[in-house]
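Below is one structure, written out as structure tokens; comments come after it.
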Amino acid sequence: MAKTAEWAADISGVDADTLRQLAREMAKHRTMIMGGWGIQRQHHGEQQHWLLVTVAAMLGQIGLPGGGFGFSYHYSSGGSPTAKGGIIAGISAGNAPKNSPAPIPVARIAECLSNPGKTIDFNGAKVTYPEVKMIYVAGGNTFHQHQDTNNLVKAWQRPDTIVVNEPYWTATAKHADIVLPATTSYERNDLEMGGDYSQLYVFPMHQCVPPQHESRSDFDIFSAMAARLGVQEAFTEGKDETQWLKGMYDDMKNQARAARVALPPFDMFWQSNNYVRFPVPEANKQWVRFADYRDNPLLNPLGTPSGKIEIYSDAIAKMHYEDCPGIPTWMPPHEWYRGPEAAKYPLSLNTAHPTNRLHSQLDNTPLREKYAVADREAILIRPQDAQPRGISGGDLVRAFNDRGQILVGAVVSEDVRPGVVRISEGAWFDPADPAQPGSLCKNGNVNCLTFDIGSSSLAQGNCGQMAQLQIEKYRGPVLKNTAHAVPQGA
0 MAKTAEWAAD
10 ISGVDADTLR
20 QLAREMAKHR
30 TMIMGGWGIQ
40 RQHHGEQQHW
50 LLVTVAAMLG
60 QIGLPGGGFG
70 FSYHYSSGGS
80 PTAKGGIIAG
90 ISAGNAPKNS
100 PAPIPVARIA
110 ECLSNPGKTI
120 DFNGAKVTYP
130 EVKMIYVAGG
140 NTFHQHQDTN
150 NLVKAWQRPD
160 TIVVNEPYWT
170 ATAKHADIVL
180 PATTSYERND
190 LEMGGDYSQL
200 YVFPMHQCVP
210 PQHESRSDFD
220 IFSAMAARLG
230 VQEAFTEGKD
240 ETQWLKGMYD
250 DMKNQARAAR
260 VALPPFDMFW
270 QSNNYVRFPV
280 PEANKQWVRF
290 ADYRDNPLLN
300 PLGTPSGKIE
310 IYSDAIAKMH
320 YEDCPGIPTW
330 MPPHEWYRGP
340 EAAKYPLSLN
350 TAHPTNRLHS
360 QLDNTPLREK
370 YAVADREAIL
380 IRPQDAQPRG
390 ISGGDLVRAF
400 NDRGQILVGA
410 VVSEDVRPGV
420 VRISEGAWFD
430 PADPAQPGSL
440 CKNGNVNCLT
450 FDIGSSSLAQ
460 GNCGQMAQLQ
470 IEKYRGPVLK
480 NTAHAVPQGA
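So for the sequence shown, numbering that gives the first Met the number 0 puts the first residue at 0; every next one is plus one.
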């Protein structure tokens, strides 16, 4: 089928003439197409970025000032001015023991636990799930990031032991056999890099208070474990916390010296309680992404097999994936408003990063008073979807589908499209009856509703930003939100 403006209008709901006008305006003027990485978190999510680059290539402005494309300019795009200095590296992860199972995509954790021995496609290769006897979680929150939470609860029962390093009683910690209290950033020393588009800084992060309530830093926890296993020297390399920080700083200092930027010795930097600011040369501020490639593609090839912008990828085509062909393609998602599931669940879910916290961080703080509705995660509902269901702003709402059900607080708003509801990710999972699969989550964890399949055979990414559901005004018994409660005896 020809991908005309009428074809796109039928799917998107945007008038065909408006789409044509947009295309003409983009071609007529210098156009930068900017997209975040988050739009990939859906079924066939890889296609959006590929198509975005394709449109930019068709416009012919890649490599020109103010033209082309960019992703995630807020932190990771090479299109922002580049400071002249060095980069702080972290502690090396080391080398995995020989004969270790191949790593699995992070979005496939529950499937791996439930299906040991199953083989899946992944980025042109095959991955076979190992039988997992033990899970160790550090620096993550599986019960926030994983889709179809109730399915994860079942899969989480299969390993013999689950250990979690955590400062807080998250849902992941509550589902662990052993919780090792880990320090917050206030209880340990560290380094940090930060800044904006015009400056880059390195900060000393001094310990504010000693470790509280028998907590230890992750470094101290793993160092103690390594000592029990007789490999402490190999793990620490004979260095304590301060020596590791000094080594990281000195590596960055050497990089800066090579760039002809002088930095103070570590002891002076650390004791000064001040930051280091890297200069941004004027030439770097004028840098244009892909300008060198545009000027001479033979001498400045891209990191693709052909060295060119690949609208058609021979490498992907040879993988023969039905859900990811060799050319960017629109394909109907696993669930959407025109799928068979919409007859029972007519509303489309849109999830997003919350504006008042980072993922699930800070959900357990007084900050939630700014955004929680009736002490639950908020749900944005279009007036014409709320009114027939008898829902008003501030009401408790039950959102549900075959995978789960959650309790949320209504915000009736024109900020969402008809037929769409919006719930931010990050609310801590809080089942009314933890022993009952599919029990109502009292805090509004949206992943109780999302489906757990890979985005495609290529990336096997998560699909957390889409699902079909139904809502109704909640008329059940009053349920206290216990998502942030500390277990008895803790």
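Just so you know, even glycine gets a beta-carbon here, dropped at the ideal spot from N, CA and C.
Check: Would the beta-carbon of N444 fall within 9 Å of that of E376?; Outcome: yes
Check: From what residue to what residue does the beta strand (DSSP E) around F121 run?; Outcome: T118 to F121
Check: Is the segment 397 to 410 in contact with the segment 435 to 442, if contact means three or more CB pairs nearer than 8 Å?; Outcome: yes
Check: What does the alpha-carbon distance come out to for the pair H517 and Y128?; Outcome: Because the chain here runs from 0 to 489, residue 517 falls outside it and cannot be looked at.
Check: Using DSSP with H/G/I as helix, E/B as strand and the rest coil, what is S75?; Outcome: Residue confidence is low: S75 scores 49 on pLDDT, short of 50, so the model does not pin down where it sits. No coordinate-derived value is stated.
Check: Could you name the residues that DSSP lists as bridge partners for R421?; Outcome: N349 and L379
Check: Does V54 come out as helix, strand or coil in the three-state DSSP assignment?; Outcome: helix
Check: How would you label W155, buried or exposed, when you count the other beta carbons within 10 angstroms and need 16 or more for buried?; Outcome: buried
Check: Output needed for L199: all residues of its chain with C-beta closer than 6 Å, excluding positions within five of it in sequence on either side, in chain order.; Outcome: A82 and F277
Check: Alpha carbon to alpha carbon, what distance is there between A316 and L50?; Outcome: 16 Å
Check: Quick one, which of Q386, D291 and W427 has its alpha-carbon nearest V410's?; Outcome: Q386
Check: What whole-angstrom Cβ distance do L190 and L244 have, given they're in contact under 8 Å?; Outcome: 6 Å
Check: Specify the secondary structure class of L406 as computed by DSSP and reduced to three states.; Outcome: strand
Check: Can the beta-carbon of K472 be found closer than 9 Å to that of I378?; Outcome: no
Check: How big is the Cα-Cα spacing for A15 and M204?; Outcome: 54 Å
Check: What do you get for E213, buried or exposed, if any count of 16 or more other CB atoms within 10 angstroms of its CB means buried?; Outcome: exposed
Check: Just the Cα atoms here: how many angstroms apart are I470 and L457?; Outcome: 34 Å
Check: Going by beta-carbon coordinates alone, are V420 and I380 separated by less than 9 Å?; Outcome: yes
Check: Have a look at W6, A56 and G475 and flag the residue whose alpha-carbon is nearest the alpha-carbon of F289.; Outcome: A56
Check: I'd like to confirm the pairing. Which residues does DSSP put opposite F70 in its beta bridges?; Outcome: G34
Check: In angstroms, rounded to a whole number, what distance separates the CA positions of M556 and G62?; Outcome: Only positions 0 to 489 of the chain appear in this structure, which leaves residue 556 out of reach.
Check: Distance, Cα to Cα, G335 vs I87?; Outcome: Just to set this straight, residue 335 is Trp in the shown sequence, not Gly. Using only the alpha carbons, I get a separation of about 43 Å.
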